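Here is the structure we will look at.
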Amino acid sequence: LSVGKCVADGSIALTASCIPSNDKCTAGDYCVPVLDYCARFCRSDSDCPTNAGPLSSSNVSYCGTFDSAYKAGPAYYCTQPCNPVLAAGASGCVNGMKCDVGTLTTGGGGNAEYTDCEDAGGGTDGATCTYDADCAAGFGCFSNSNGNRCRMYCRAGTNSDCSISGQTCVGVTNESFTGACCPSTGC
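Plus 186 on top of the position in the sequence shown (first one is 1) and you've got the working numbering.
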């Protein structure tokens with residue numbers, strides 16, 4: 187797909203799998219390069235679906251600015267509310283993808299926690315990482331004094347989500363409905 191090219195309305199629904207080079211997403215959506223799922227174009231949060239995702243009533247879709255694979259500047263598309271916590275059920279992402287947590291700067295200058303689907307890596311508990319995408323489904327990349335490590339996601343304050351013996355759910359800065367499962371020595 188090239189910049190500025192109009193394509194016919196497709197039949198692939200929002201959040202379904204797609205092929206970026208042959209974008210067949212429905213009108214108003216586009217096939218996100220690398221992630222290969224249909225997302226909604228947006229200019230502001232009000233352009234995004236209003237239904238809350240799993241885990242929290244504040245897990246909603248936001249209009250985020252992301253690097254464009256088309257090299258035409260940033261792309262603006264709605265994040266996909268999903269479930270990053272394995273103990274809480276399915277992620278809601280298409281096969282081969284995982285749900286991750288992030289923080290966006292809102293128009294008012296504050297921070298908003300959001301979830302979105304992205305490629306899954308192979309790193310599990312304690313593996314070194316640079317990005318969330320380096321970690322397997324159910325794990326995110328968290329910083330500590332010893333560097334970045336993949337740690338299992340948990341619902342804030344829910345120790346039972348941590349299936350690895352001796353770990354507890356620890357709160358994460360700027361994240362209100364998720365946390366990280368950490369050993370007593372720290373994340």
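Glycine included, C-beta positions come from ideal geometry on N, C-alpha and C. Predicted, not measured: the structure shown is a model, and the values here were computed from it.
In three-state terms, what does DSSP make of residue i?
i    : result
V189 : The pLDDT assigned to V189 is 48, lower than 50, so where the model puts this residue is not dependable, and the model offers no usable value.
D305 : strand
T354 : strand
S203 : strand
A366 : strand
A274 : helix
With a CB to CB cut of under 7 Å and the five nearest residues on each side skipped, what residues in its chain are close to residue i?
i    : result
C183 : Residue 183 falls outside the range modelled here, since the chain spans only 187 to 373, and no answer is possible.
C348 : M338, C340, T354, C355, C367
G333 : T314
In this structure, what does DSSP give as the bridge partners for residue i?
i    : result
G288 : Y300
N332 : Per DSSP, none; premise fails for N332.
T316 : DSSP, once it has assigned bridges, lists no residue as partnering T316.
I198 : C211
T251 : Y262
A342 : None, per the DSSP bridge assignment.
Thinking just about the alpha-carbon of each residue, which of the options is nearest to the one in residue i?
i    : options                : result
N245 : F363, C368, G312       : F363
Q266 : L272, N281, G275, G250 : G250
D305 : C321, G196, S243, D233 : C321
S230 : Y263, N332, D215       : Y263
K233 : C303, S243, T212, S247 : With the sequence shown as reference, residue 233 is identified as Asp, and Lys is not the correct amino acid for it. Selected option, being the one with the closest Cα: S247.
A199 : G214, L272, T236       : G214
N281 : C211, N237, A202, P235 : A202
V220 : M283, A323, S351, D195 : M283
C224 : D209, T236, A323       : D209
Excluding the 5 residues flanking residue i on each side, which residues of the same chain have their C-beta closer than 8 Å to its C-beta?
i    : result
I205 : C217, D222
S197 : K210, T212
message: Pairs of beta-carbons, one from the stretch 312 to 319 and one from the stretch 338 to 345, closer than 8 Å: are there three or more?
response: No: the two stretches stay apart, fewer than three of their Cβ pairs being nearer than 8 Å.
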